[in-house]
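Q: Under our numbering, think of the first position of the sequence shown as 814, with each following residue one higher. Beta carbons: idealized from backbone N, C-alpha and C, even for Gly. If you're wondering where the values come from, they're calculated on a predicted model, not measured in any experiment. I'd like to ask you about the structure that follows.
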Amino acid sequence: MAQQSSDIDPLARSAALAIAGARLGIGIAAFGFTRRALPLVGIDEPGSSAVAFARMAGGRDLALGMHALAAAGDRDRLREATLIGALVDVGDAIAFGAGFRGTGEARRVAIRNAPLGVAAAIAGAWILSRL
C-alpha cells in the first residue's frame with residue numbers, strides 16, 4: 814500500500830519538490846527559450862544541432878519535473894520519480910564530464926555543468942535515503 818504525504822519526511826519531500834521545480838524551470842528555458850538559455854551552460858553560439866539537443870533535454874526535464882510533482886503526495890511514487898531523476902542526473906554528469914578531455918567550448922561546458930550533474934545526483938541520493 815502506498816504511503817500518503819503525512820508519512821513522508823517533510824524535508825525530503827520539500828527537497829524533491831524543489832528539484833522538480835528546478836527541472837520545470839530548466840525545461841521551460843531549454844525548450845522555450847533555447848538560444849537565450851544555451852549561453853548559460855557555456856554554448857555561446859549554438860548551431861542547429863545544439864538547439865535541437867537542448868530542446869530534447871528541455872522536454873525531458875519538463876517530463877521529469879511534472880512526474881515528480883504528480884507524485885508529491887505518495888511516498889512510493891515520489892521515491893520512484895526521485896530515483897529516475899537521480900539516474901538521469903548521473904548520466905548528465907558522465908556526459909558533461911566527458912567534455913573535460915576536450916578543449917575550448919567542450920571543456921568550458923564540462924567545467925560549468927558536470928558539477929551541477931554531480932550535485933543533483935547526490936541530492937537525489939540523499940532524498941532517496943530519507944524517503
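1) Is the separation between the beta-carbon of Ala843 and that of Ala870 shorter than 7 Å?
2) Would you be able to state if there are at least three C-beta pairs under 8 Å between the segment 900-911 and the segment 878-886?
3) Could you check where the alpha helix (DSSP H) with Ala894 kicks off and where it finishes?
4) So, at 7 Å on beta carbons, what are the nonlocal neighbours of Leu851 in its own chain, with the 5 sequence-adjacent residues on each side left out?
5) Within this structure, are the beta carbons of Ala825 and Ile940 separated by less than 7 Å?
A: Answer, in terms of the structure:
1) Going by C-beta atoms, Ala843 is nearer than 7 Å to Ala870.
2) Segments in contact, no.
3) It spans 888-910 - the alpha helix (DSSP H) in which Ala894 sits, taken as one unbroken run.
4) Hits under 7 Å: Pro859, Ala863, Ala867.
5) Contact annotation: Ala825 and Ile940 have beta-carbon atoms nearer than 7 Å.
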